[in-house]
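Top line first, the protein sequences correspond to chains D and W. With our numbering applied, the first sequence corresponds to residues 5 to 413, in that order. With our numbering applied, the second sequence corresponds to residues 5 to 413, in that order.
2 protein chains.
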Amino acid sequence: MPQKAKLTPIPSGTVTSPKGFFAGAVHAGIKYQGEERLDLGVLYSEAPCAVAGMFTTSRVKSAPVVITRQRVAGGTARALVANSGCANACTGEQGLADAREMARLISAPLGVPEENVLVASTGVVGVPMPMERIEEGLERIALARDGGHEFARAIMTTDTFPKEVAVAVSGGGLEYTVAGVAKGAGMIHPDMATMLCFLTTDARVEPGFLRRALKRAVDLSLNMVTVDGDTSPSDTVLLLASGLAPTPVGEIAGGSTAGRTFQRALDHVCTELARCIARDGEGATRLIEVTVEGARTVREARLAARTIAGSSLVKSAVYGADPNWGRVVAALGRSGVALEESRLDVCLGDVCVMRDGWPQRFDLERAREALRQKEVGIGVDLNLGRGRGVAWGCDLTPEYVTINSAYTT
Amino acid sequence: MPQKAKLTPIPSGTVTSPKGFFAGAVHAGIKYQGEERLDLGVLYSEAPCAVAGMFTTSRVKSAPVVITRQRVAGGTARALVANSGCANACTGEQGLADAREMARLISAPLGVPEENVLVASTGVVGVPMPMERIEEGLERIALARDGGHEFARAIMTTDTFPKEVAVAVSGGGLEYTVAGVAKGAGMIHPDMATMLCFLTTDARVEPGFLRRALKRAVDLSLNMVTVDGDTSPSDTVLLLASGLAPTPVGEIAGGSTAGRTFQRALDHVCTELARCIARDGEGATRLIEVTVEGARTVREARLAARTIAGSSLVKSAVYGADPNWGRVVAALGRSGVALEESRLDVCLGDVCVMRDGWPQRFDLERAREALRQKEVGIGVDLNLGRGRGVAWGCDLTPEYVTINSAYTT
């Protein structure tokens with residue numbers, strides 16, 4: 005019996021922590037020409053990568069989503085160019101040409117086939133990509149083995165901190181790393197391969213399993229985050245596997261112990277990124293974690309958890325540390341999941357406010373305190389079945405409105 | 005050929021404008037014991053009324069919804085007792101007993117069978133109804149022919165103004181009135197018989213048609229309002245027809261000219277109330293009217309209009325008068341309705357910002373001005389079919405958050 009593989013978080017890990025990945029970023033002045041903020045980045049793998057992707061389910065898709073989706077279907081990727089400040093969405097044929105051109109501009113210097121370069125953009129919709137600044141910026145980008153941190157900052161829009169996670173897998177004949185960066189902040193809602201998220205690993209993974217593992221990890225994590233119920237035409241999640249790690253030598257496949265370990269590592273990275281995104285929701289001061297148990301099915305548990313996490317009234321109450329738990333029940337009620345009021349248990353943090361459908365006497369000050377934590381737990385038990393789901397959101401604050409009332413101007 | 009019936013708005017009209025209706029209200033101190041605000045009201049008809057109702061689609065239903073729905077199924081009503089400050093929801097068996105008791109308390113003095121008395125409550129969830137104050141308050145209520153205004157104020161919670169509409173129908177052998185009061189403010193979302201809304205008419209209407217007419221009017225109006233995406237367990241719309249108007253003598257039935265006129269009057273009253281509710285959304289400074297045309301179907305047009313009207317990002321942009329029209333397109337995209345980007349037209353007020361899927365050059369200042377109006381129009385033409393839908397919402401303001409961050413406390 006081989007020893008079980010261990011997951012060890014890598015402090016300050018980033019998307020270039022796995023072997024073979026390089027990245028870099030520059031300030032190209034795509035939107036903010038005054039400020040010296042990074043807004044254009046490149047991620048590169050020295051070996052061809054197996055690639056999997058998930059994209060927005062919106063009927064309006066940005067040009068980079070259209071192009072990248074086609075290229076991911078080819079199964080191999082070598083590089084990614086990403087920018088913030090301009091989404092290149094609602095830009096018609098010109099937008100598609102611009103997205104292709106962004107990829108072409110780095111394919112030659114990197115010596116990589118054009119169709120192995122992916123593109124992702126985030127920012128304002130309906131504005132053409134400033135291609136001269138892109139071209140000029142790409143010429144200046146220097147790639148480095150520790151360039152992941154700069155890359156992570158280049159994709160930020162209203163994010164207040166870069167979101168980077170990496171985990172080392174070791175033991176049981178395994179020795180590789182899984183990492184990811186994400187940008188979130190606004191237009192974040194579940195059931196869409198949410199926001200921009202780029203994952204890398206140096207494990208060698210069987211392509212079919214890579215796709216399935218990504219879908220599972222995203223469903224559990226990024227698809228369970230809601231900031232404001234809005235979804236972007238740019239949402240993109242990519243997973244690149246370089247295969248440069250020393251072990252395992254062969255491909256990791258589904259249904260194996262190594263496959264389960266890989267899934268566990270990927271779930272971990274995606275879940276941590278999801279939590280970062282919720283915590284950094286526009287204007288947010290608190291992370292809300294909603295756990296629904298006892299649902300008839302997992303699907304219903306997730307739906308209920310997301311509905312509660314997405315309720316403007318719940319979010320406002322958390323902001324004000326107001327233990328108005330009726331709103332949790334109201335959101336649960338409108339979610340449409342099966343419930344029997346007389347079986348409902350509801351908790352705010354560790355304060356039980358409803359049991360078997362009955363309002364409980366509770367210590368108001370303790371309940372307020374539970375809502376004042378940086379991470380606020382809301383727990384519901386439907387006591388009907390074994391379905392369980394966790395969703396993440398954030399409080400709704402006056403600052404959210406302020407940020408979003410003057411985004412373009 | 006009889007002359008066509010005319011609809012004439014009645015200035016200061018209210019729910020007691022139609023013949024035979026009386027109302028009154030008192031301050032019972034249900035929630036606010038310091039302030040002298042009305043919070044308990046009774047509406048009474050001197051003749052038995054045909055009644056139709058629509059109720060919340062939430063799986064969690066308040067006790068008054070459970071009781072009133074049963075009684076409306078009986079087809080006849082004489083009186084309604086309504087309160088604000090306590091929703092009597094999530095209150096179990098005791099809540100049901102309390103709702104029945106509220107009805108019983110007025111049935112005897114009014115000389116009306118208990119099962120002909122309806123109940124509606126709005127306010128905080130999970131708090132038992134203070135029955136002593138209810139009983140004491142009901143004893144003090146004096147009914148008057150012009151008591152509708154007081155009744156309208158008694159059902160307000162965070163509403164900033166009472167919502168009352170009445171219209172006189174005359175000509176073509178018709179002479180009657182249709183009126184309504186509503187309360188809105190928060191927890192307002194479509195596809196739920198939204199909020200509390202009580203409609204009265206002195207027309208004599210065939211009961212089957214009364215139900216169909218109510219459903220049609222609500223689908224076009226109250227179900228097209230969204231304030232915050234949340235739905236209450238208390239949502240109730242009731243329509244009482246006393247039949248005391250002089251003409252027509254017989255019942256108004258569907259499929260007739262008189263039926264179409266009644267529908268027109270009812271649509272008008274419900275639409276005006278819907279607009280009032282949107283305009284008075286919690287913290288709102290502006291009414292948003294979203295019109296979607298050219299959809300494949302009416303259903304899709306309505307869905308698209310409501311999705312845009314409900315987008316937190318669109319609502320925030322309107323608050324800031326920021327012509328960030330990409331958010332309109334993003335909301336449209338995630339609504340799931342059929343669209344071809346290359347056919348899309350989008351307008352902010354009368355400023356066209358996208359035509360045939362192409363961003364238009366537009367005068368930024370004029371677009372800002374369009375978003376600064378008290379009533380902001382957003383127009384979308386999908387250019388795919390003939391489906392048309394109108395939805396109403398309001399801007400999202402820091403004030404919304406402030407109101408909802410300290411509602412119970």
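Don't be surprised by glycine CBs; every beta carbon is placed ideally from N, CA and C.
If contact means a Cβ-Cβ distance below 8 Å, which residues of the segment 82–114 of chain W contact chain D? Ala91, Ala93, Cys94, Thr95, Gly96
Closest to Asp284 of chain D by C-alpha separation, out of D:Gly188, D:Cys94, D:Tyr36, would be which residue? D:Gly188
When DSSP labels each residue in this structure, what does Leu224 of chain D get in the three-state scheme? helix
Output needed for Asp195 of chain D: all residues of its chain with C-beta closer than 7 Å, excluding positions within five of it in sequence on either side, in chain order. Reliability of the predicted coordinates at Asp195 of chain D is poor, the pLDDT of 31 falling under 50, and the value obtained from them is presented with this limitation in mind. Thr61, Asn227, listed in sequence order.
Within 10 Å of its beta-carbon, does Thr413 of chain D have 16 or more other beta-carbons around it, so buried, or fewer, so exposed? Its pLDDT being 48, under 50, Thr413 of chain D is placed unreliably by the model, and the measurement read from it follows with that caveat. It is exposed - the Cβ of Thr413 of chain D has fewer than 16 other Cβ atoms within 10 Å.
State whether the segment 13–32 of chain W contacts the segment 42–56 of chain W, with contact taken as three or more CB pairs (one from each stretch) at a distance under 8 Å. yes
If we define contact as Cβ-Cβ less than 8 Å, is Tyr180 of chain D a contact residue for chain W? no
By DSSP, does Ala305 of chain W sit in helix, in strand, or in coil? helix
Can you find the residues in the same chain that come closer than 6 Å, C-beta to C-beta, to Gly89 of chain W, ignoring five residues on each side of it along the sequence? Ile34, Lys35, Asp43, Gly127
Tell me, please, whether the CB atom of Met160 of chain D is closer than 8 Å to any CB atom in chain W? no
Chain-order list of residues whose beta-carbon lies under 7 Å from that of Thr198 of chain D (same chain, five-residue window excluded): Note that Thr198 of chain D scores 38 on pLDDT, short of 50, meaning its location in the model is unreliable; the coordinates nonetheless yield the value given after this. The answer, listed in chain order, is Ile192, Leu226, Asn227, Val229, Asp239.
Is DSSP giving Ala51 of chain D helix, strand or coil here? strand
By the three-class DSSP mapping on this structure, what secondary structure does Asn87 of chain D have? strand
Cα-Cα, which of W:Gly38, W:Thr295, W:Val253 is closest to Leu178 of chain W? W:Val253
Taking only runs of the alpha helix (DSSP H) that begin and end inside the segment 313–355 of chain D, which ones reach a length of at least 4 residues, in chain order? 316–323, 330–339
Closest to Leu242 of chain D by CA distance: which of D:Val182, D:Pro250, D:Asp399 is it? D:Val182
Which two residues bound the contiguous alpha helix (DSSP H) that contains Ser111 of chain W? 96–114
Who pairs with Phe26 of chain D in a beta bridge, going by DSSP? D:Tyr48
Please check if any C-beta of chain D sits within less than 8 Å of the C-beta of Val64 of chain W. yes
Looking at the strands, I want to know which residues DSSP matches up with Ala148 of chain D. D:Ala27
Closer than 7 Å by C-beta to Met160 of chain D: which residues in its own chain qualify, once you throw out the five before and the five after it? Chain order, please. Ser88, Pro166, Lys187
Less than 8 Å between the beta carbons of Arg310 of chain D and Val318 of chain D, yes or no? no
Count the other CB atoms, across all protein chains shown, that sit within 10 Å of the CB of Gln267 of chain W; report buried if there are 16 or more and exposed otherwise. buried
For Pro250 of chain D, collect the residues of the same chain with a Cβ closer than 6 Å to its Cβ; drop the 5 residues on either side in sequence, then sort them by chain order. Glu179
Closest Cβ-Cβ distance between Thr289 of chain D and chain W: below 8 Å? no
Which bits of chain W does Pro237 of chain D rub up against, with CB to CB less than 8 Å? Val333, Ala334, Gly337
Residue-chain proximity (Ser125 of chain D, chain W), Cβ-Cβ < 8 Å: no
Is the CB-CB distance between Ile292 of chain D and Cys201 of chain D below 8 Å? no
Status (buried if at least 16 other CB within 10 Å, exposed otherwise) for Val405 of chain D: buried
Where does the unbroken beta strand (DSSP E) through Ala245 of chain D begin, and where does it stop? 240–245
Gln364 of chain D versus Cys351 of chain D - alpha carbon distance: 10 Å
Please list the segments of the beta strand (DSSP E) lying wholly inside the segment 365–406 of chain D, counting only runs of 3 or more residues, in order along the chain. 379–385, 391–398
With DSSP collapsed to three states, give me the class of Leu256 of chain D. The sequence given here has Ile at residue 256 of chain D, not Leu. Ile256 of chain D: strand per DSSP, three-state reduction.
Please check if any C-beta of chain D sits within less than 8 Å of the C-beta of Thr401 of chain W. yes
Proximal residues of chain D, C-beta to C-beta of Glu345 of chain W below 9 Å: Arg63, Val64, Lys65, Cys94, Gly96
The segment 371–380 of chain D touching the segment 94–105 of chain W, judged by at least three CB pairs closer than 8 Å: no
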